[in-house]
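Trainee: Position 228 of the sequence shown, counted from 1, bears residue number 228 in full-length UniProt numbering, the numbering being contiguous throughout.
Every residue, glycine too, gets a C-beta built ideally from N, C-alpha and C.
Computed from a predicted structure; not experimentally measured.
The structure is given below, and queries will be raised subsequently.
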Amino acid sequence: MKLTEWTMEEQEQLIHFMTTNTWPYHGNAHPARELIEITIEEGGYQSDEVKTFWVENEDDEQVGIVKIYDLQDEIPLFDLRIADEARGRGYGPQALKMVAEYVFQLPEAKIRLEGHTRQDNFAMRKTFERAGFVKEAQLRQAWFSPKEESYYDAVTYGMTREDFLKGTATPVKWDDDSHPEVSKKEDYSFSEELQTERLIIRAPKVEDAEVAWKAIISSHDALKEWMPWAQTKQTLEQTTTNLRQAVADFITRKDLRLHLFLKETGEFVGSSGLHRIDWTVRKFEIGYWIDSKFEGKGLMTEAVERITQFAFEELDANRVEIRCDSENVRSRSVAERLAYTLEGTLHYDSLSSDGKKLRDTCIYAKTKG
1 MKLTEWTMEE
11 QEQLIHFMTT
21 NTWPYHGNAH
31 PARELIEITI
41 EEGGYQSDEV
51 KTFWVENEDD
61 EQVGIVKIYD
71 LQDEIPLFDL
81 RIADEARGRG
91 YGPQALKMVA
101 EYVFQLPEAK
111 IRLEGHTRQD
121 NFAMRKTFER
131 AGFVKEAQLR
141 QAWFSPKEES
151 YYDAVTYGMT
161 REDFLKGTAT
171 PVKWDDDSHP
181 EVSKKEDYSF
191 SEELQTERLI
201 IRAPKVEDAE
211 VAWKAIISSH
221 DALKEWMPWA
231 QTKQTLEQTT
241 TNLRQAVADF
251 ITRKDLRLHL
261 FLKETGEFVG
271 SSGLHRIDWT
281 VRKFEIGYWI
291 DSKFEGKGLM
301 TEAVERITQF
311 AFEELDANRV
321 EIRCDSENVR
331 SRSVAERLAY
341 TLEGTLHYDS
351 LSSDGKKLRD
361 TCIYAKTKG
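Laid out in structure tokens, this is it:
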């Protein structure tokens, strides 16, 4: 078997593969041609962040496809799909082993590789296990099935670079919190809901997808100016998929997205959270966006103040940053109102959200003590 990189010239082959096979354990069991075309156009199958490969058997037949994404991150993820008629022949574990080999031989020295599936997708779970992956989390009611209109548990499997190089599969110590020798640095248990005078700030849930999506759509013009992910209008399905990943990342402590709701009415206000986490240094970056209809009320300042307090008091942070475009006056004002120190401006550090101009990045920070 082998992996052969997919090219844009094979667009029709990809569309045929995705629409003529069934995917009962995915959010969209029968993806439409139009949706796949949009995903291709937006770089969802080929970009700096994403690479797609055909899974080919010994007869050079295309029996599956695998998409590896977040390739700019230290922890890539993947989506493996085997054609209906090719299932049950052992292609899945072989393909997954080749995916791991590809990822861990990249020059950037990736830390780990992970994937997610529905709890009752036993075929995929066996594929993970036979390829040397370890079950690392079970996310309760985190996988929504539109066809059945119900939620299922999701499971996360991972392989570390160390295990790949040694050819081992180190089991997770599920009872690690009961051992006194576990250091504070390794203790990732903390509150998943915070409150302020006007807000409830909590961990994301898959059922937040519709309200979050509506806020993104109604605030599109404002978000588009500063957010690379808002350059095109998201579909509800895209928001849901993104949210499922956010839930998984929160459970595994890779990223801590937080959703904001008004105490009085329960309305969704916006999103914030702690990102680009370095648990060794105890360093976090706060990001945020708000539904346009709530701008100018001080709600995001209130939220960021509480999240900052949470980072230092519960997560034992040594450093918390806010980074933003130098021209993003609203974002800068949040940092300045909360007495974050402007440590510097990185000139020509990034591109504008539309990728057309060089921009400067302001770095604000608070440190422990």
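Out of Ser326, Asp249, Glu302 and Glu34, state which residue places its alpha-carbon closest to the alpha-carbon of valine 269.
Mentor: Working through the sequence shown from its first residue, we reach residue 269 at position 269. Residue Glu302 is the option with its Cα nearest to valine 269.
Trainee: Going by other Cβ atoms of all chains shown within 10 Å of its Cβ, with 16 needed for buried, is residue 370 buried or exposed?
Mentor: With the chain running from 1 to 369 in the structure shown, residue 370 is simply not present.
Trainee: Using only the alpha-carbon positions, how far apart do glycine 273 and glutamine 72 sit?
Mentor: Taking the sequence shown and counting its residues from 1, one reaches residue 273 at position 273. Taking the sequence shown and counting its residues from 1, one reaches residue 72 at position 72. Using only the alpha carbons, I get a separation of about 20 Å.
Trainee: Sorted by chain position, which residues of the same chain lie with C-beta nearer than 8 Å to threonine 361's C-beta, five sequence neighbours on each side aside?
Mentor: The sequence position of residue 361 within the sequence shown is 361, counting from 1. Around threonine 361: Arg323, Cys324, Asp325, Ser326, Thr345, Leu346, Asp349 and Ser350.
Trainee: Quick check: the Cα distance between methionine 159 and leucine 256, rounded to an integer number of angstroms?
Mentor: On the sequence shown, residue 159 is found 159 positions in, with the first residue counted as 1. On the sequence shown, residue 256 is found 256 positions in, with the first residue counted as 1. The straight-line gap from Cα to Cα measures roughly 21 Å.
Trainee: Please identify the residue among Glu136, Tyr152, Gln141 and Leu194 whose C-alpha is closest to the C-alpha of proline 171.
Mentor: On the sequence shown, residue 171 is found 171 positions in, with the first residue counted as 1. The residue with the shortest Cα to Cα distance from proline 171 is Glu136.
Trainee: So, at 7 Å on beta carbons, what are the nonlocal neighbours of glutamate 210 in its own chain, with the 5 sequence-adjacent residues on each side left out?
Mentor: In the sequence shown, the residue the question calls residue 210 occupies position 210. Counting only Cβ-Cβ distances below 7 Å, and skipping sequence neighbours, we find Leu236.
Trainee: Classify histidine 26 as helix, strand or coil using the three-state DSSP reduction.
Mentor: To locate residue 26, count along the sequence shown from 1; it is residue 26. Here histidine 26 sits in coil by DSSP.
Trainee: Output the distance between the C-alpha atoms of valine 182 and tryptophan 279, rounded to the nearest integer angstrom.
Mentor: To locate residue 182, count along the sequence shown from 1; it is residue 182. To locate residue 279, count along the sequence shown from 1; it is residue 279. Here valine 182 scores only 37 on pLDDT, less than 50, and its place in the model should not be relied on; the value that follows carries that caveat. Answer to the nearest angstrom: the Cα atoms are 14 Å apart.
Trainee: What's the gap between the Cα of lysine 283 and the Cα of methionine 98?
Mentor: Taking the first residue of the sequence shown as 1, we reach residue 283 at position 283. Taking the first residue of the sequence shown as 1, we reach residue 98 at position 98. Their backbone Cα atoms lie some 34 Å apart in a straight line.
Trainee: Given a threshold of 16 other Cβ atoms within 10 Å of its Cβ, counted over all protein chains shown, does tryptophan 174 qualify as buried or as exposed?
Mentor: Residue numbering aside, residue 174 sits at position 174 when the sequence shown is read from its first letter. That one is exposed.
Trainee: Roughly how far, in whole angstroms, is the beta-carbon of alanine 131 from the beta-carbon of leucine 96, given that I think they are within contact range, below 8 Å?
Mentor: Residue mapping note: residue 131 aligns to position 131 of the sequence shown, counting from 1. Residue mapping note: residue 96 aligns to position 96 of the sequence shown, counting from 1. About 4 Å separates the two Cβ atoms, so the contact holds.
Trainee: Along the beta strand (DSSP E) that carries tryptophan 54, what are the first and last residues, could you check?
Mentor: Locating residue 54 in the sequence shown gives position 54, where the first residue counts as 1. Its beta strand (DSSP E) spans residues 51-56.
Trainee: At what residues does the alpha helix (DSSP H) containing glutamine 72 begin and finish?
Mentor: In the sequence shown, residue 72 corresponds to position 72, counting from 1. Element bounds for glutamine 72: n/a, residue is neither H nor E.
Trainee: Please report the residue range of the alpha helix (DSSP H) in which lysine 224 lies.
Mentor: Along the sequence shown, one-based indexing puts residue 224 at 224. From DSSP, the alpha helix (DSSP H) with lysine 224 extends over 220-224.
Trainee: For chain B, find out if any of its Cβ atoms is closer than 9 Å to the Cβ of serine 326; answer yes or no.
Mentor: Annotation note: the requested chain B is absent from the structure, which comprises a single protein chain.
Trainee: Quick one: using the 10 Å Cβ neighbour count with 16 as the cut-off for buried, is glutamate 12 buried or exposed?
Mentor: Sequence index remark: in the sequence shown, residue 12 carries index 12 (1-based). By the 10 Å Cβ count, glutamate 12 comes out exposed.
Trainee: Return the first residue and the last residue of the alpha helix (DSSP H) that lysine 166 is part of.
Mentor: Taking the first residue of the sequence shown as 1, we reach residue 166 at position 166. Here the alpha helix (DSSP H) through lysine 166 covers 161-166.
Trainee: Keeping to the same chain, check which residues put their C-beta closer than 7 Å to that of threonine 252; ignore five residues upstream and five downstream.
Mentor: Counted from its first residue, the sequence shown places residue 252 at position 252. Glu136, Ala137 and Thr156.
Trainee: Going straight from the alpha carbon of threonine 232 to that of lysine 224, what length do you get?
Mentor: If you number the sequence shown from 1, residue 232 lands on position 232. If you number the sequence shown from 1, residue 224 lands on position 224. Between threonine 232 and lysine 224, the C-alpha separation is close to 8 Å.
Trainee: Find the nearest neighbour of lysine 67 within the set Ile82, Thr240, Arg306 and His220, judged by alpha-carbon distance.
Mentor: Locating residue 67 in the sequence shown gives position 67, counting from the first residue. It is Ile82 whose Cα lies nearest to the Cα of lysine 67.
Trainee: Can you list, in chain order, the residues of its chain with a C-beta nearer than 6 Å to that of methionine 124? Leave out the 5 residues immediately preceding and following it.
Mentor: Numbered from 1 along the sequence shown, position 124 holds the residue referred to as residue 124. Cβ neighbours of methionine 124 beyond the five flanking positions: Thr117.
Trainee: Exposed or buried, lysine 185, counting other C-beta atoms within 10 Å across all chains shown (16 or more means buried)?
Mentor: In the sequence shown, the residue the question calls residue 185 occupies position 185. For lysine 185, the predicted structure reports a pLDDT of 39, less than 50, and the residue's modelled location is therefore unreliable. A value from the coordinates is still provided. Looking at its Cβ environment, which holds fewer than 16 other Cβ atoms inside 10 Å, lysine 185 is exposed.
Trainee: By alpha-carbon positions, which one of Ser218, Arg87, Ala29 and Tyr91 ends up nearest to glutamate 58?
Mentor: Position 58 of the sequence shown, counting from 1, holds the residue named residue 58. Out of Ser218, Arg87, Ala29 and Tyr91, Tyr91 has the C-alpha closest to the C-alpha of glutamate 58.
Trainee: Can you say whether alanine 311 is buried or exposed, counting buried as having 16 or more other CB atoms within 10 angstroms of its CB?
Mentor: As a first step, residue 311 is located in the sequence shown; it is residue number 311 there, counting from the start. When all chains shown are included, alanine 311 counts as buried.
Trainee: Here's the rule: buried if 16 or more other CB atoms are within 10 angstroms of the residue's CB, otherwise exposed. What is threonine 22?
Mentor: Translated into positions along the sequence shown, residue 22 becomes position 22. Burial call: exposed.
Trainee: Using a Cβ-Cβ cut-off of 6 Å (strictly less than) and excluding sequence neighbours within five positions of threonine 308, which residues of its own chain qualify?
Mentor: Taking the sequence shown and counting its residues from 1, one reaches residue 308 at position 308. Once the five neighbours on either side are set aside, the close Cβ partners of threonine 308 are Val320.
Trainee: Out of Ala29, Asp153, Gly44 and Val334, which has the shortest C-alpha to C-alpha gap to isoleucine 286?
Mentor: For the purposes of this step, residue 286 is identified with residue 286 of the sequence shown, where counting begins at 1. Out of Ala29, Asp153, Gly44 and Val334, Val334 has the C-alpha closest to the C-alpha of isoleucine 286.
Trainee: Where glutamate 101 and phenylalanine 128 are concerned, what is the direct C-alpha to C-alpha distance, given to the nearest angstrom?
Mentor: Residue numbering aside, residue 101 sits at position 101 when the sequence shown is read from its first letter. Residue numbering aside, residue 128 sits at position 128 when the sequence shown is read from its first letter. Glutamate 101 and phenylalanine 128: Cα-Cα distance of roughly 14 Å.
Trainee: Going by Cα to Cα distance, which pick from Val50, Tyr151 and Ala212 is closest to histidine 259?
Mentor: Residue 259 sits at position 259 when you count from the first residue of the sequence shown. It is Ala212.
Trainee: Are aspartate 291 and serine 219 close, meaning C-beta to C-beta below 9 Å?
Mentor: As a working note, residue 291 is residue 291 in the sequence shown. As a working note, residue 219 is residue 219 in the sequence shown. Yes. Within cutoff.
Trainee: On the CB-based measure, 16 or more other CB atoms within 10 Å of its CB, does aspartate 238 come out buried or exposed?
Mentor: The residue you call residue 238 lines up with position 238 of the sequence shown. For clarity, residue 238 is glutamine in the given sequence; the question names aspartate instead. Answer is buried; the Cβ neighbour count reaches 16.
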